[in-house]
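Here the sequence shown stands for residues 21 to 587, where the numbers follow the numbering used here.
Note that beta-carbon positions come from the ideal geometry of N, C-alpha and C, so glycine has one too.
Just so it is clear, the structure is predicted and the values come from calculations on it, not from any experiment.
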Amino acid sequence: MDFANVDLQASDVTTNGSYTFPHGFIWSTATAAYQVEGAAFEDGKWIVSHRSKGVSMGGGGADGRFLGRVGSDRQWDYQGFRKGAAGRMRWSGGFAGRAPSTWDRFVRLPGKIDDNSTADVACDSYHLYASDIELMKNLGVKQYRFSISWSRILPHGLVDFVNTKGVEYYNKLIAELIKNGIEPMVTLYHWDLPLAIADRGGWLNPQIVDWFGEYARFCFKTFGDQVKHFITLNEPWSQAKFGYANGIHAPGGFNENGDWTAYLVAHHFLLAHATAYHIYDNEFRATQKGQVGITNVGMWFEPETPSDVDAARRALEWQFDWFTHPIFGRYGNYPERMIQRIADRSRSENRSVSRLPSFTQQQIEFVKGSADFLGFNYYTAFLARERRPEEFGKNEDVLQVDAGVVESQNPEWKRRAICLSISYLLQPIGPPNSWLQQYPEGFRKILNYIRENYNNVTVIITENGCMDQPGEDLEDETRVSYLFEHLKMLSLAINEDHCNVIGYTLWSLMDNFEWSSGYTFRFGIHHVLKKFRSLQVDFDDPKRKRTPKKSAEWFKETIAHNSIMHK
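Here it is in structure tokens:
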């Protein structure tokens, strides 16, 4: 299926009170390797042997010199630092199975995961993938988005050693999907960086552009005969901010240096993505006839007051345009205002160069146009206002400080549906202090922003959904309402506004390990057993039994009718 030539035939916006989607619209669901696979110790066990407090900042080689300035607050040291340095977290065991990723180390750091859990087993999809595919088949989806664990197939992170059992697992998964009429969409990187690569500097090391390119080439060569849609990176903004600025996600430990580490890894993300794209374009497209895109996350920002319109636009630039403009913008490169503001702030900090790295003209052209489609994730929206002068000294969020904005939630937005037939109550979705509030209008607005600013590029929604509401358990009416309202806005964006959206992927197929939230946030939806319901995983059950929730009946009906008819 060529996303650029999907045969979408126009439909009426409403039919008998329903909101419709074009004929040929792609319905999908998704997971990610680290969140569902488990099997962390299969075919070659890796264990933590020790971790001590001290960190040596000496070391030879380019990696040691490059990363030595990161500072002593880091939570690990890198390969390339002095051999035998204190603070080294050692991993021992075989090289035949999945090697550890940054998340395997991060989850073992005290206080990093809300419920102190790990994804060592998670949903155990490494063993239960055939059952998962049966769930998808029953649901009626025609596409499944999943990611490959880089360290499962390349334990060293490099192509010098291949874990054949890992390759076999993905080949079996792909074959079973195709056998059941479900097209695989493969994400190459969904945040689980091989520890062997992280210990050489990870995304801070410019060499990773080539390392990722070699990994992508291996995946294209190995899986590309069957996989026709690859996504290079999932939400590079989230990885840059949460992993390399505020330390909420792996690798963490860069809080005091996030004002430059976030921008540097973002730079390498974009170059690595473009490198993978051009490898496919030059070496594989002619024979495999597939496509390569990137998935960016977007949040909509409303001005807090009428005088904050420009602040809301800057917030969007630092969040969405940062990774979208270099690829899909008419002239490429970072947004001009980002370039200028960060350069000015860097000078005011007595820096000799801007904290935002510069592309050469050759690199601008290399990155520009390096995607066949845009994968887009949308969950929520925020308010934005101008940052007052006295607030610039506070470095609680370097991106907001550089943008000159303050972001916040709006308590008056409709945040959850207590019942399918009545209006919203002003309560958050999920546990107390949840980041996700329901503002479906933002979904339509940001899709129109893409249409207006990025030449109506082909878009596939690669994630949308919400976590469970406490107390609802399997009767997840909040999720049904969230999905209804967002799909309604999507239908209007396609049919009335002519946004070029060709498919929708619901996050997620099942409850899974939700990063730093562990198993306290559950996003799962699916159908199993006799009733049309969604999916909940019993993580205390050794067999990881999937139990239905209510929402899959609604989603399955939506897929079957290609329209949403009721909440």
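(request) Specify, as a first and last residue, the run of the alpha helix (DSSP H) that Pro346 falls within. (result) Taking the sequence shown and counting its residues from 1, one reaches residue 346 at position 326. From DSSP, the alpha helix (DSSP H) with Pro346 extends over Trp342 to Phe348.
(message) Considering only heavy atoms of the ligand ZN, does any lie closer than 7 Å to the CB of Gln457?
(response) With respect to the ligand ZN, the structure offers nothing, as it holds no ligand at all.
(request) With DSSP as the reference, label Tyr502 as helix, strand or coil. (result) The sequence position of residue 502 within the sequence shown is 482, counting from 1. Helix.
(request) Whole angstroms is fine: what's the gap from Asp212's alpha carbon to Asn476's? (result) In the sequence shown, residue 212 corresponds to position 192, counting from 1. In the sequence shown, residue 476 corresponds to position 456, counting from 1. About 31 Å.
(request) Give the DSSP-derived three-state secondary structure of His176 in the structure shown. (result) Counting from one through the sequence shown, the residue named residue 176 turns up at place 156. If DSSP states are grouped into helix, strand and coil, His176 belongs with coil.
(request) Count the CB pairs spanning the segment 138–146 and the segment 49–63 that are closer than 8 Å, and state whether there are at least three. (result) yes
(request) Look at the Cβ atom of Glu196, then the Cβ atom of Tyr235, and state whether they are nearer than 8 Å. (result) Counted from its first residue, the sequence shown places residue 196 at position 176. Counted from its first residue, the sequence shown places residue 235 at position 215. No, the pair does not count as a contact, with Cβ atoms beyond the cut-off.
(message) In the DSSP output, what is Tyr524 paired with across the bridge?
(response) In the sequence shown, counting from the first residue as 1, residue 524 sits at position 504. Looking at the DSSP assignment, Tyr524 forms a beta bridge with Trp47 and Ile481.
(message) In whole angstroms, give me the CA-to-CA distance for Arg110 and Leu215.
(response) Position 90 of the sequence shown, counting from 1, holds the residue named residue 110. Position 195 of the sequence shown, counting from 1, holds the residue named residue 215. Any answer about Arg110 is weak, because its pLDDT of 43 lies below 50 and its placement is not dependable; what the coordinates show is given next. Whole-angstrom Cα-Cα distance: 11 Å.
(request) Would you mind reading off the limits of the beta strand (DSSP E) that contains Gln458? (result) Counting from one through the sequence shown, the residue named residue 458 turns up at place 438. For Gln458, there is no enclosing beta strand (DSSP E), as DSSP gives it neither H nor E.
(request) Spatial neighbours of Lys550 within its chain, please: CB distance less than 6 Å, with the 5 preceding and 5 following residues excluded, ordered by chain position. (result) Within the sequence shown, the letter at position 530 stands for residue 550. In this prediction, Lys550 scores a pLDDT of 24, lower than 50, which makes its location untrustworthy; the coordinate-derived value is nonetheless stated afterwards. Same-chain partners within the cutoff: there are none.
(request) Return the Cβ separation of Gly395 and Thr482 in integer angstroms, given the expectation that the two are a contact with Cβ distance under 8 Å. (result) As a working note, residue 395 is residue 375 in the sequence shown. As a working note, residue 482 is residue 462 in the sequence shown. Contact flag correct, Cβ pair sits at about 4 Å.
(message) Measuring straight from C-alpha to C-alpha, what distance separates Phe575 and Ile545?
(response) Translated into the one-based positions of the sequence shown, residue 575 becomes position 555. Translated into the one-based positions of the sequence shown, residue 545 becomes position 525. Rounded to the nearest angstrom, the two C-alpha atoms are 9 Å apart.
(message) Quick check on Gln163: buried or exposed, where buried means 16 or more other Cβ atoms within 10 Å of its Cβ?
(response) Start at 1 with the first residue of the sequence shown, and residue 163 comes out as number 143. Flag for Gln163 reads buried.
(request) Please classify Lys309: is it buried, with 16 or more other beta-carbons within 10 angstroms of its beta-carbon, or exposed? (result) What you label residue 309 is simply residue 289 of the sequence shown in a count that begins at 1. Answer is exposed; the Cβ neighbour count stays below 16.
(message) One question on the structure: do Pro120 and Ser171 come within less than 8 Å of each other, judged by their Cβ atoms?
(response) Mapped onto the sequence shown, residue 120 falls at position 100. Mapped onto the sequence shown, residue 171 falls at position 151. Yes, Cβ-Cβ distance for Pro120 and Ser171 is below 8 Å.
(message) Considering only their Cβ atoms, is the gap separating Gly278 from Tyr398 smaller than 8 Å?
(response) Counted from its first residue, the sequence shown places residue 398 at position 378. Counted from its first residue, the sequence shown places residue 278 at position 258. Contact: no.
(message) I'd like the ranges of any beta strand (DSSP E) spanning at least 3 consecutive residues and lying wholly in the segment 348–429.
(response) 394–406 and 425–428
(message) Quick check on Gln339: does DSSP put it in helix, strand or coil?
(response) For the purposes of this step, residue 339 is taken as residue 319 along the sequence shown, with counting starting at 1. Of the three classes helix, strand and coil, the one that applies to Gln339 here is helix, per DSSP.
(message) Can you look up Lys309 in the DSSP assignment and give me helix, strand or coil?
(response) Residue numbering aside, residue 309 sits at position 289 when the sequence shown is read from its first letter. Residue state, collapsed to three classes: coil.
(request) Over the uninterrupted alpha helix (DSSP H) stretch that includes Met156, give me the two end residues. (result) For the purposes of this step, residue 156 is identified with residue 136 of the sequence shown, where counting begins at 1. Run containing Met156: Ser145 to Leu159, per the alpha helix (DSSP H) assignment.
(request) Would you kindly report the start and end of the unbroken beta strand (DSSP E) that includes Ala569? (result) Locating residue 569 in the sequence shown gives position 549, where the first residue counts as 1. The sequence given here has Lys at residue 569, not Ala. Segment Arg566 to Lys569, the beta strand (DSSP E) holding Lys569.
(request) For Asn484, count neighbouring Cβ atoms within 10 angstroms of its own Cβ and tell me buried if that reaches 16, exposed if not. (result) Within the sequence shown, the letter at position 464 stands for residue 484. Result: buried.
(request) Can you grab the Cα-Cα spacing for the pair Val426 / Glu406, in whole Å? (result) Counted from its first residue, the sequence shown places residue 426 at position 406. Counted from its first residue, the sequence shown places residue 406 at position 386. Cα to Cα, the separation comes out at about 6 Å.
(message) Assuming Leu529 is part of the alpha helix (DSSP H), what are its boundary residues?
(response) Here residue 529 is taken as the residue at index 509 of the sequence shown, counted from 1. Here Leu529 belongs to no alpha helix (DSSP H), and DSSP marks it neither H nor E.
(request) State the start and end residues of the unbroken alpha helix (DSSP H) segment that holds Gln55. (result) Position 35 of the sequence shown holds residue 55. Taken as a continuous stretch (DSSP letters only), the alpha helix (DSSP H) holding Gln55 covers Ala53 to Val56.
(message) Excluding the 5 residues flanking Tyr54 on each side, which residues of the same chain have their C-beta closer than 6 Å to its C-beta?
(response) On the sequence shown, position 34 is the one that residue 54 refers to. Excluding sequence neighbours, Tyr54 sits near Trp123, Ala139 and Asp212.
(request) With distances taken Cα to Cα, identify the nearest neighbour of Asn520 among Arg464, Met487 and Gly491. (result) For the purposes of this step, residue 520 is taken as the residue at position 500 of the sequence shown. In terms of Cα proximity to Asn520, the closest of Arg464, Met487 and Gly491 is Arg464.
(message) Buried or exposed, going by whether 16 or more other CB atoms sit within 10 Å of the CB of Phe240?
(response) In the sequence shown, counting from the first residue as 1, residue 240 sits at position 220. The residue is buried, with at least 16 neighbouring Cβ atoms inside 10 Å.
(message) Helix, strand or coil, according to DSSP, for Gln489 in the structure here?
(response) Reading the sequence shown from its first residue, position 469 is the one you call residue 489. The DSSP-derived three-state label of Gln489 is coil.
(message) Pop quiz: Asp517 and Arg471 are said to be a contact at Cβ under 8 Å. What is the actual Cβ separation, rounded to whole angstroms?
(response) Against the sequence shown, residue 517 aligns to sequence position 497. Against the sequence shown, residue 471 aligns to sequence position 451. Taking a contact as a CB-CB distance under 8 Å, the pair Asp517 and Arg471 counts as one, their CB atoms being some 7 Å apart.
(request) Return the bridge partner residues of Gly318 from the DSSP annotation. (result) For this step, residue 318 is matched to residue 298 along the sequence shown. DSSP lists Tyr398 as partners of Gly318.
(request) Reducing DSSP to helix, strand and coil, say where Arg165 ends up. (result) Locating residue 165 in the sequence shown gives position 145, counting from the first residue. Arg165 falls in the strand class under three-state DSSP.
(message) To the nearest angstrom, how far is the alpha carbon of Trp535 from that of His269?
(response) Reading the sequence shown from its first residue, position 515 is the one you call residue 535. Reading the sequence shown from its first residue, position 249 is the one you call residue 269. Taking the straight line from one Cα to the other gives about 7 Å.
(request) Quick one: give me the first and last residue of the beta strand (DSSP E) that His249 is part of. (result) Here residue 249 refers to the residue found at position 229 when the sequence shown is read from its first residue. His249 to Asn254 is the span of the beta strand (DSSP E), which, as asked, contains His249.
(message) Taking only three categories from DSSP, how would you classify Leu129?
(response) The residue you call residue 129 lines up with position 109 of the sequence shown. Looking at Leu129 - three-state DSSP - the assignment turns out to be coil, as it is neither helix nor strand.
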